[in-house]
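Enquirer: If you scroll down you'll find the structure; I have some questions about it.
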Amino acid sequence: MMEKYLKYTIYINLVISILSVYMAVSFWETDRNRAYIFVFLALITAFMFFFRRHYYKKFEERKKNQK
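Dropping the structure here:
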């Protein structure tokens with residue numbers, strides 16, 4: 004049951020990354036420091052998305068091979 008939710012929580016990082024890029028673009032002209040924070044958040048969450056997706060696929064493959 005928990006594995007089902009884990010599969011979808013990976014995509015929360017992608018959504019946060021996309022929203023952070025949007026916020027960075029919207030703050031770019033008015034508040035550059037806040038825009039940099041959102042750019043940093045977008046980079047970190049995008050990295051976490053790809054990292055967690057890679058290891059999720061790896062664990063699924065291992066589980067499939069054990070059965």
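Its first residue numbered 4, the sequence shown is counted upward by one per residue in our numbering.
Every residue, glycine too, gets a C-beta built ideally from N, C-alpha and C.
Just so we're clear, the structure is a prediction, and the values are computed from it rather than from any experiment.
Skipping 5 residues on each side, what residues in its chain have a beta carbon closer than 6 Å to that of M51?
Expert: If we look at M51 and ignore the five residues flanking it on each side, its Cβ neighbours are N16.
Enquirer: From L46 to E63, what does the alpha carbon distance come to, in whole angstroms?
Expert: Cα-Cα distance, rounded: 26 Å.
Enquirer: Quick check on K33: does DSSP put it in helix, strand or coil?
Expert: Checking the displayed sequence, the identity of residue 33 turns out to be Thr instead of Lys. Three-state result, T33: coil.
Enquirer: Closest to I13 by CA distance: which of K66, S23, R65 and T48 is it?
Expert: Answer by Cα proximity: T48.
Enquirer: Identify whether K61 lies in helix, strand or coil by the three-state DSSP scheme.
Expert: Three-state result, K61: helix.
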